[in-house]
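Since the structure comes first, as structure tokens, the remarks are kept for the end.
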Amino acid sequence: MSNTTMTNHDLAKRRSLLQDLKTHLAEQEQQFAVQRARLQVFVDRYTSALAPLYMELDALESQLHSATTLLAQALQRNGVQARLPKAPQPTALPQLPQLPAGAPFPVEPEGGWIELGPPPLKTLYRRAAKRFHPDLASSDAQRRQREEQMMLVNQSYDRGDRKTLERLLLAAGEDSVKVTGGNADAIRHWLTSSEVAVQGRLRVVQAHRAVLDNHAVAKLSEAILKSEELGLDPLGVMASRLRAQIAERRQEIYIGQRLDADSELAESFLRRCMDRGAGLSAH
């Protein structure tokens, strides 16, 4: 027996450890799914309450950018060193990380758990003779076929042709372990590759779990839920602030579209909009 051969006890122990590792992985994946589902409930609430307001504000910021750009260009034509506003960026609504699908784990080799060497040539011959004996035929045609097979079996045995006997038996449905023996090397390779695959997947899941636990949405959710437990309405407050900003932008658009570049108020209005930093920072 080579030093790479594993005993049945070694195989069973490593298989048990592999199963424990798979169980731990499944628990980690389940915990990620539960945590993500909990945060998604918050994201849905947040989006439902605030997304329409953010979209309206973004649209107004875009209109204000157009108005202030035209005003800045007009001031430049009048010799004023006015800065051109930068285009505003749309508000990014919260999105949670997804756990990527894992690759299938290696398939366990058939018969690999049986530590059994290949049977002797004589044993193969006896099994072949028993399987192909002409007296087992159910018809004349089958008897002739079996006689031909037995001739090949006898010839193979006489010349020590093990491969032909193995091929005949396997083609007839004989158990591969009884024909070629158990493959401890195959199961050892399967165990090693499976352990590597499961550990790799576990690292991916744990990394995504860490990202999810430290995500800005998780921190925001915790803060808002704590405020709500105190009887406050933080989402309502945020919505009110957005409505106030929307009203302010509408007023700024109204003014910006009507200001003449020759007006003394034009430069100060443009500077005030850009200093406010609502997507109008200078290039």
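Okay, so the sequence shown: first residue is 1 according to my numbering, each after it adds one. Cβ coordinates follow ideal geometry from the N, Cα and C atoms, glycine included. As the structure is a prediction and not an experimental result, all values here were calculated from the model.
Pick from the options that is closest to residue i, judged by C-alpha positions
i	options	result
A26	R203, I224, E222, G160	R203
V179	T123, A186, D140, A210	T123
D20	V198, L165, E229	V198
N154	R143, L168, D233	L168
K22	S194, E267, L96	S194
L64	I246, G173, D260, P104	I246
E166	S176, R159, A33	S176
L270	D161, T69, H24, L50	T69
P85	L93, G79, G236, L75	L75
I253	A216, A59, D140	A59
L53	A128, H215, Q81, A92	A92
E264	R36, E56, N78	N78
A218	A37, S16, H9	A37
A49	R276, A266, V237	V237
D275	D44, R45, R83, H24	R83
Q35	R131, L17, L99	L99
K130	P88, M150, D233	M150
A101	L232, Q257, G200	G200
Chain-order list of residues whose beta-carbon lies under 7 angstroms from that of residue i (same chain, five-residue window excluded)
i	result
S66	none
S221	L39, F42
P109	N183, A186, I187, W190
L170	S176, V179
I255	F269
Residues near residue i in its chain [Cβ-Cβ closer than 8 angstroms; skip 5 each side]
i	result
Q206	Q28
G160	L121
P106	W190, S193, S194, A197
L57	T91, L242, Q245, I246, R249
A239	A49, L50, L53
T47	L93, P94
Helix, strand or coil at residue i according to DSSP, with G and I counted as helix
i	result
F105	coil
G236	helix
P154	Sequence check: residue 154 is Asn here, not Pro. Correct three-state label for N154: helix.
V80	coil
T91	coil
S139	coil
Q98	coil
R159	coil
H215	coil
S268	helix
D44	helix
Close beta carbons around residue i, own chain, < 6 angstroms, minus the five adjacent residues each side
i	result
R209	F32
L225	none
V211	P97
S2	Below a pLDDT of 50, predicted positions are generally treated as unreliable, and S2, at 41, falls in that range; the measurement from the model is reported next regardless. The answer is none, since no qualifying residue turns up.
Output the residue ranges of the alpha helix (DSSP H) runs that lie fully inside the segment 172-207 and measure 4 residues or longer, sorted by chain position. Whole alpha helix (DSSP H) segments, 4+ residues: 176-180.
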